[in-house]
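Asks: Quick note, my numbering runs 170 ahead of the 1-based positions in the sequence shown. Glycine is no exception: its CB is placed at the ideal position from the N, C-alpha and C atoms. My questions will all concern the structure given below.
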Amino acid sequence: MGSHALRVAARTPGLAVAGVVSQRSAERAAAALAREAPGAVDSAVAGDDLAEVVARAGGADVVLLATHGHLVDLEAPLAAAFELGLRVVCIGEDAIYPQAVDAELAARLETLAKRRAVAMVGTGANPGYVMDYLPMVLTAVTTGWSSIRVRRASSLAPFGETVLRSMGVGLTPEQFAAAAERGEIDGHVGYDASVAFLAAGLGVSLEIVDNVCEPIVRDRPTELDGHSYPGGVVVGVEQRCRAVAATGQSVILEHPQRLGRLDGEEPLHDLIELDGGDLLRARISPALDGGVATVALMINLIPALMRAEPGIHTIASLPLTPFDAPEARGRVAAANI
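The following block contains the structure:
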């Protein structure tokens with residue numbers, strides 16, 4: 171995702187790529203810079219250390235952080251960026267609503283951001299938009315709600331081996347069950363953040379009562395987008411999270427994701443249903459492309475982030491419009507690859 175963000179940032183009028191950082195190696199960062207932003211090769215800096223890259227680049231304004239999903243792993247890179255006086259757009263799942271994941275850690279980051287007079291926002295297609303922000307916005311045109319159901323049927327085809335492995339793709343059902351028992355199947359990371367973000371926006375207290383992840387097994391062989399698997403193995407997961415409020419309101423988040431779609435399978439789509447007496451149903455078809463939508467959110471949030479008060483923000487607290495504001499020009503410090 172970092173490479174995609176780098177490519178789009180390099181092509182966005184008003185943005186300049188100052189540097190690229192890869193925690194794996196400087197060579198990897200240099201290769202990404204040459205591949206995704208060839209026009210910036212002579213002016214941008216590549217390396218494996220954020221502080222060094224920013225210093226050699228002569229400064230920067232914003233970091234596009236695309237490294238980890240869990241807040242405990244995000245603390246160090248976020249703190250490093252804050253100490254350098256850099257604003258951050260982060261796509262780590264836990265960054266969507268960090269205070270719900272670890273209140274103490276989030277408070278430390280909030281304090282540091284304010285001390286260094288910088289702002290951070292977490293974003294992404296999911297979590298951060300489809301399953302939380304959109305239903306939150308839709309409740310504004312209802313006079314009340316008793317239940318919210320969101321179903322996102324999406325494709326895993328664009329993702330690499332790391333993500334596919336975390337979903338158990340290629341395993342037999344028996345191997346999947348054993349891997350899940352060992353805690354090796356991640357499924358969709360971000361339900362905690364989505365539920366907390368949604369609850370805060372709606373002004374209710376929601377408690378997750380179940381979160382299940384089941385394998386999707388295709389009886390036919392899969393030959394799709396460079397992926398090849400025999401019939402009878404796992405090609406994705408169906409995950410379902412249910413949260414309830416003390417007042418009886420409920421939220422159900424469903425996320426089947428598989429390698430593409432074969433004939434006869436559920437179409438790729440995003441569905442939001444609000445029930446408050448009258449049923450409101452909103453459908454996006456085909457489903458939002460997770461990569462395209464996430465990178466668009468990263469870029470489009472930069473103008474608002476440049477003007478935001480110091481601290482940790484959500485996309486609900488910032489204006490969200492296409493990146494076309496000339497006064498929001500800035501230098502992108504690094505896209506972590």
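Under 7 Å Cβ to Cβ from Pro385, same chain only, skipping five residues before and after it: list those, please.
Replies: So the list reads Gly338, Pro343, Phe346, Val404 and Val407, once near-sequence residues are dropped.
Asks: Give the secondary structure of Tyr399 by DSSP, where H, G and I count as helix, E and B as strand, and everything else as coil.
Replies: Three-state DSSP puts Tyr399 in a strand.
Asks: Rank Leu254, Gly239, His240 and Ala246 by C-alpha distance to the C-alpha of Ala227 and give the top, closest one.
Replies: Taking only the C-alpha atoms, the option nearest Ala227 is Leu254.
Asks: When the Cβ atoms of the region 262-280 are set against those of the region 327-338, are three or more pairs found closer than 8 Å?
Replies: The region 262-280, when compared against the region 327-338, does not touch it at the 8 Å Cβ threshold.
Asks: Taking the straight line between their C-alpha atoms, what separation do you get for Val224 and Asp448?
Replies: C-alpha separation (whole angstroms): 54 Å.
Asks: So for Ala210, helix, strand or coil by DSSP?
Replies: Ala210 falls in the helix class under three-state DSSP.
Asks: Cβ atoms of Glu280 and Gly461: under 9 Å apart, would you say?
Replies: No, they are not a contact pair.
Asks: Taking Pro343 as part of the alpha helix (DSSP H), name the residues at either end of that continuous run.
Replies: Residues Pro343 to Glu351.
Asks: Is Val271 helix, strand or coil when you go by DSSP?
Replies: Note: Val271 maps to helix in three-state DSSP.
Asks: Cα separation between Ile507 and Ile378?
Replies: Low local confidence applies: a pLDDT of 48 at Ile507 is under 50, so the model's placement there is unreliable, with the coordinate-based value given in what follows. The alpha-carbon atoms of Ile507 and Ile378 are separated by roughly 33 Å.
Asks: If you drop the 5 nearest sequence neighbours on each side, which residues of the same chain put their C-beta closer than 7 Å to that of Ser487?
Replies: Closer than 7 Å at Cβ, skipping near neighbours: no residue.
Asks: Return the residue from the list Gly184, Asp212, Ser324 and Ala216 that minimises the CA-CA distance to Phe173.
Replies: According to the sequence shown, residue 173 is Ser rather than Phe. Looking at the Cα atoms, Ala216 is the closest of the given residues.
Asks: Give the C-beta separation of Val232 and Ile472 to the nearest angstrom, bearing in mind that I take them to be a contact with Cβ-Cβ under 8 Å.
Replies: Rounded, the Cβ-Cβ distance is 6 Å, consistent with contact.
Asks: According to DSSP, Met290 sits in a beta bridge with which residue or residues?
Replies: Paired residue(s): Val258 and Ile482.
Asks: On the premise that Val421 lies in contact with Leu376, defined as a C-beta separation below 8 Å, what is that separation, rounded to the nearest angstrom?
Replies: That belief holds up - the Cβ atoms of Leu376 and Val421 are roughly 6 Å apart, short of 8 Å.
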